[in-house]
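Q: The opening position of the sequence shown corresponds to residue -13 in the numbering used here, with each subsequent residue numbered one higher. Encoded as structure tokens, here's the structure I'll be asking about.
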Amino acid sequence: MVKVHTTEELIDILAAEHEACLRGERLNLSANPYIGNIAVDSLLKPDAMQRFSAYQDFKSAIHNYQQEHGVSGIIWRQLTLNGQTLHYPQVHERLIALDRDLEVLRQAKPQILEFWQRVTPGMDLYLSVNQGKDYEPITLADVSALIPRTDWANIWKWQNQTFLEVVLQLGWGQPHDANYRRGSLSSGSEYIHGVPAGCQPIG
């Protein structure tokens, strides 16, 4: 019987391949960054494009492997804030979600939202806009209006000794694609940043 790699093994394989591509050990020689403009082309580095393309090709092959062999993209995270701990599913950034993974994410959404509401009272809320370059103030009512339009939720924090930022991601579609786009019909995300009153988001 052919051994099927686990989620953790696929993550390790992708990490090792990524490092190999960064070291220039993997190249897609057919990848051509040049656009025909001499001024622009002189600034481009073909080996960088070839390394990036080689990794993207390998990652796509891993995603196909996931689908063919039914290997989940979910890992389980733990987040502790204000003495409260949440255990929740998250699709690893280098993997895709199977259909059953998306159902797990949907089922976890209410628990994540309840935790977020418990740990952010009194915080100022901001909506990430302009591809994360800017932030607009947002109210709890605005967040409540976004929730029904999304399929799943993710949460994390930025914290040091003097600052805490809690980020709530409300997404739909494939998480792997949703991380990089906003407002798409198939996959996308809205990011809500909670920060101490009077502060601005940093992450």
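A virtual CB, placed ideally from N, CA and C, is assigned to each residue, including glycine.
1) With the cut-off set at 7 Å, would you say Arg56 and His78 are in Cβ contact?
2) So, Ile178 versus Leu111, is the Cβ gap smaller than 7 Å?
3) Are the CB atoms of Ala139 and Ile82 within a distance shorter than 7 Å?
4) Taking the DSSP output, what are the residues bridged to Gly174?
5) When DSSP labels each residue in this structure, what does Leu99 get in the three-state scheme?
6) Any idea which residues DSSP pairs Lys143 with across the strands?
7) Excluding five sequence neighbours on each side, which residues of the same chain lie with their C-beta closer than 8 Å to the C-beta of Gly118?
8) How many angstroms separate the CA atom of Thr125 from the CA atom of His4?
9) If you compare alpha carbons, which of Tyr74, Gln52 and Gln70 is closest to Glu(-6)?
10) Counting only runs that start and end within the region 58 to 140, where is the alpha helix (DSSP H) found for 4 or more residues in a row?
11) From Glu122 to Gln70, what does the alpha carbon distance come to, in whole angstroms?
12) Rounded C-beta distance between Val181 and Val105? I'm assuming under 8 Å.
13) What distance in whole Å lies between the Cβ atoms of Gln76 and Arg63, which are believed to be in contact at a cut-off of 8 Å?
14) Less than 7 Å between the C-beta atoms of Ser172 and Gly159, yes or no?
15) Bridge partners of His179, per DSSP?
16) Report the option in Leu(-4), Ser39 and Leu150 whose CA atom is closest to the CA atom of Gly108.
17) So Ala94 and Tyr74 are supposed to be a Cβ contact under 8 Å. How far apart are they, rounded?
18) Here's the rule: buried if 16 or more other CB atoms are within 10 angstroms of the residue's CB, otherwise exposed. What is Gln186?
19) Can you look up Gln186 in the DSSP assignment and give me helix, strand or coil?
20) If we ignore side chains and look at the alpha-carbon of each, how far apart do Leu0 and Thr66 end up?
21) Hey, quick one: how far does the alpha helix (DSSP H) through His4 stretch, first residue to last?
A: Per the coordinate set shown:
1) Looking at the sequence itself, residue 56 is Gly, so the reference to Arg does not match. No Cβ-Cβ contact shorter than 7 Å links Gly56 with His78.
2) Against a cut-off of 7 Å, the Cβ pair of Leu111 and Ile178 comes out as a contact.
3) Their beta carbons are not under 7 Å apart, which means Ile82 does not touch Ala139 by this criterion.
4) For Gly174, which the question treats as bridged, DSSP gives the partners Trp158.
5) DSSP places Leu99 in helix when its eight states are reduced to three.
6) For Lys143, which the question treats as bridged, DSSP gives the partners Val152.
7) Once the five neighbours on either side are set aside, the close Cβ partners of Gly118 are Tyr177.
8) Each residue's alpha carbon lies about 40 Å from the other.
9) Gln52 is the residue among Tyr74, Gln52 and Gln70 whose C-alpha sits nearest the C-alpha of Glu(-6).
10) As far as the region 58 to 140 is concerned, its whole alpha helix (DSSP H) runs of at least 4 residues are 85 to 105 and 126 to 132.
11) Near 28 Å, if we compare the C-alpha coordinates of Gln70 and Glu122.
12) That belief does not hold up - the Cβ atoms of Val181 and Val105 are roughly 13 Å apart, past 8 Å.
13) Indeed they touch by this definition, with Cβ atoms about 5 Å apart.
14) Ser172 is a Cβ neighbour of Gly159, given a cutoff of 7 Å.
15) Bridge pairing for His179: Tyr112 and Val153 [DSSP].
16) The option with the nearest alpha carbon to Gly108 is Leu150.
17) Between the beta-carbon of Ala94 and that of Tyr74 there is about 5 Å, and that keeps the pair under the 8 Å contact cut.
18) Exposed is the label assigned to Gln186, since fewer than 16 other Cβ atoms lie within 10 Å of its Cβ.
19) Coil at Gln186, not helix or strand.
20) For Leu0 and Thr66, the gap between their C-alpha atoms comes out near 28 Å.
21) DSSP places His4 in the uninterrupted alpha helix (DSSP H) bounded by Thr(-7) to Leu8.
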